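Q:
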Amino acid sequence: QKEVEQNSGPLSVPEGAIASLNCTYSDRGSQSFFWYRQYSGKSPELIMSIYSNGDKEDGRFTAQLNKASQYVSLLIRDSQPSDSATYLCAVSSGDTGRRALTFGSGTRLQVQP
Amino acid sequence: DTAVSQTPKYLVTQMGNDKSIKCEQNLGHDTMYWYKQDSKKFLKIMFSYNNKELIINETVPNRFSPKSPDKAHLNLHINSLELGDSAVYFCASSPQWGRSNTGELFFGEGSRLTVL
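So the sequences go chain by chain: A and B.
According to our numbering, the first sequence is numbered sequentially starting from 1.
According to our numbering, the second sequence is numbered sequentially starting from 1001.
The following block contains the structure:
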């Protein structure tokens, strides 16, 4: 059973702080890693993708991947109240042609004004 | 233009009834999916179709039957609805998996099913 684990939270941070979200996965063959943001009652939207070890930065977001430790993280700098949402970690799994994304259960982030 | 559209957005029905959800994508993608999101926000894959061919069929009761008339459409029919079927059902699409495909999913807005 391929699994993606996240702390469900809520993770509460003050406005302007750095929010750190973590994710571990079980399938060593996974090659693509994603962070989706989901506001309450809405569909998930992609905010970051990462494919190789190290850091990837996009604006206030930084994704970090460590394949040896099977660990993915998302840092949100200068957190804003509008960042309050559930963050879903997703990992690609399966053979070519049968791939799909396996999602974690999400971490709820609350940014306090 | 809506990229991935699902109808209806809300269904409220009695146990034992049959219902269908329709999904259409205008992104030109080859692969479409149905995911189920339960009350704890856990998003789990149910089915995947690539160019009208069933590729992934996870452990889903056979009361759930997907149909893909063409690669732009993927419908989900559910027979004999049960209380535990209450969830949000998301349709998604992606370009065909390959060397250049990153695996990003594009989601529809979801269809919230409530079984009473």
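The beta-carbon is built from N, C-alpha and C at its ideal position, and this holds for glycine as well.
No experiment lies behind these values; they were computed from the predicted model shown.
1) Which same chain residues, not among the five before or five after D1038 (chain B), have their C-beta less than 6 Å away from its C-beta?
2) Can you give the Cα-Cα distance for L1083 (chain B) and K1036 (chain B), rounded to whole angstroms?
3) Does any residue of chain B bring its CB to less than 8 Å from the CB of P10 (chain A)?
4) Could you give the C-beta distance for S92 (chain A) and Q31 (chain A), rounded to a whole number, given that I count them as a contact under 8 Å?
5) Contact criterion: CB-CB distance below 8 Å. Does S1048 (chain B) meet it with respect to chain A?
6) So, is R1099 (chain B) buried or exposed, given that buried needs 16 or more other C-beta atoms within 10 angstroms?
7) Which chain A residues are close to F1064 (chain B), counting only those with a beta carbon under 7 Å from its beta carbon?
8) Would you please verify whether the beta carbon of E1109 (chain B) is less than 8 Å from any beta carbon of chain A?
9) Is the beta carbon of T1138 (chain B) sitting closer than 8 Å to the one on L1105 (chain B)?
10) Label G41 (chain A) either buried or exposed according to how many other C-beta atoms from any shown protein chain fall within 10 Å of its C-beta, with 16 as the threshold for buried.
11) Going along chain B in order, which residues have a C-beta closer than 7 Å to the C-beta of L88 (chain A)?
12) Run through the region 18–62 of chain A for me and flag every whole alpha helix (DSSP H) of 4 or more residues, listed as ranges in chain order.
13) Does the CB of E1024 (chain B) have a neighbour CB from chain A at under 8 Å?
14) Tell me the DSSP secondary structure of L1083 (chain B) in three-state form.
15) Can you pull the chain A neighbours of Y1033 (chain B), defined as C-beta to C-beta under 9 Å?
16) Is it the case that the region 44–57 of chain A contacts the region 4–11 of chain A, given that we only count it when at least three CB pairs across the two stretches are under 8 Å?
17) So, does the CB of L1105 (chain B) fall closer than 8 Å to a CB anywhere in chain A?
A: In short, the structure shows the following:
1) If we look at D1038 (chain B) and ignore the five residues flanking it on each side, its Cβ neighbours are A1087.
2) Distance from the CA atom of L1083 (chain B) to the CA atom of K1036 (chain B), rounded to whole angstroms, is 14 Å.
3) no
4) For S92 (chain A) against Q31 (chain A), the beta-carbon gap comes to about 6 Å, under 8 Å, which counts as contact.
5) Residue contact check for S1048 (chain B) against chain A: a CB pair falls below 8 Å.
6) A caution first: R1099 (chain B) carries a pLDDT of 49, below 50, which makes its placement in the model too unreliable to give a value.
7) Within 7 Å Cβ-Cβ: nothing; F1064 (chain B) doesn't reach chain A, min ~16 Å.
8) yes
9) Residue 1138 (chain B) lies beyond the residue range present for chain B, which begins at 1001 and ends at 1116; the question has no answer from this structure.
10) exposed
11) Close partners of L88 (chain A) in chain B (Cβ separation under 7 Å): L1043.
12) Listed in chain order, there is nothing to give.
13) For E1024 (chain B), no CB of chain A lies under 8 Å from its own CB, so it is not counted at the interface with that chain.
14) helix
15) In chain order: A100, L101.
16) no
17) yes
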